[in-house]
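What follows is a set of notes on a single structure, which appears directly below.
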Amino acid sequence: MTEEAHEVSLYAISVVAQLVGTGQQNIRLYERKGLLTPDRTAGGTRQYSDADLAVLRRISELLDEGLNLAGVAKVLELEAANARLQAALNRAVLKRGAPQQTRGH
Numbered sequence: 001m002t003e004e005a006h007e008v009s010l011y012a013i014s015v016v017a018q019l020v021g022t023g024q025q026n027i028r029l030y031e032r033k034g035l036l037t038p039d040r041t042a043g044g045t046r047q048y049s050d051a052d053l054a055v056l057r058r059i060s061e062l063l064d065e066g067l068n069l070a071g072v073a074k075v076l077e078l079e080a081a082n083a084r085l086q087a088a089l090n091r092a093v094l095k096r097g098a099p100q101q102t103r104g105h
């Protein structure tokens, strides 16, 4: 997807911290730990998207459930892998023309 095709909201770290309810230092820590990778301007300023906000909210949920950052990283990795596999399965099913079957969790 290109930016011309879809309007993308971008937020500064101070706005993101307010929206998510955490500190800017926590957000920088999550970035250092590889939990999210915001876009940056040519000058190096972080720009957070709505997808980044969703990741930060998921991180908060997992931390609230008692996971440490290593556990959060593993859960995010597994969720991303699961999403990729589900997308591949959906494409394969559509390609065959068979009815799609998904399981609720």
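Residue 50 in the working numbering sits at position 50 of the sequence shown, with consecutive numbering throughout.
The C-beta atom is built at its ideal place from N, Cα and C for all residues, glycine as well.
field: Beta-carbon proximity check, L35 vs L76, cutoff 8 Å
entry: Between L35 and L76, the C-beta gap is smaller than 8 Å, which places the two residues in contact.
field: alpha helix (DSSP H) runs wholly inside the segment 6 to 50, at least 4 long, in chain order
entry: Fully contained in the segment 6 to 50 are the following alpha helix (DSSP H) runs of length 4 or more, in chain order: 13 to 20, 24 to 32.
- prompt: Taking Cβ to Cβ, would you say V16 is nearer than 8 Å to L56?
  reply: Going by C-beta atoms, V16 is nearer than 8 Å to L56.
field: Identity of the residue in G43, G44, D50, R46 nearest L8 by Cα
entry: Sequence check: residue 8 is Val here, not Leu. Ranked by Cα distance from V8, the first of G43, G44, D50, R46 is D50.
Residue interval of the alpha helix (DSSP H) (run including E79): Where E79 is concerned, the enclosing alpha helix (DSSP H) stretches over 69 to 96.
- prompt: Do K33 and L63 come within 8 Å of each other at the CB atom, strictly closer than that value?
  reply: With a cutoff of 8 Å on beta-carbon distance, L63 and K33 are scored as not near each other.
task: For D39, count neighbouring Cβ atoms within 10 angstroms of its own Cβ and tell me buried if that reaches 16, exposed if not.
output: By the neighbour-count rule (16 or more Cβ atoms within 10 Å), D39 is not buried but exposed.
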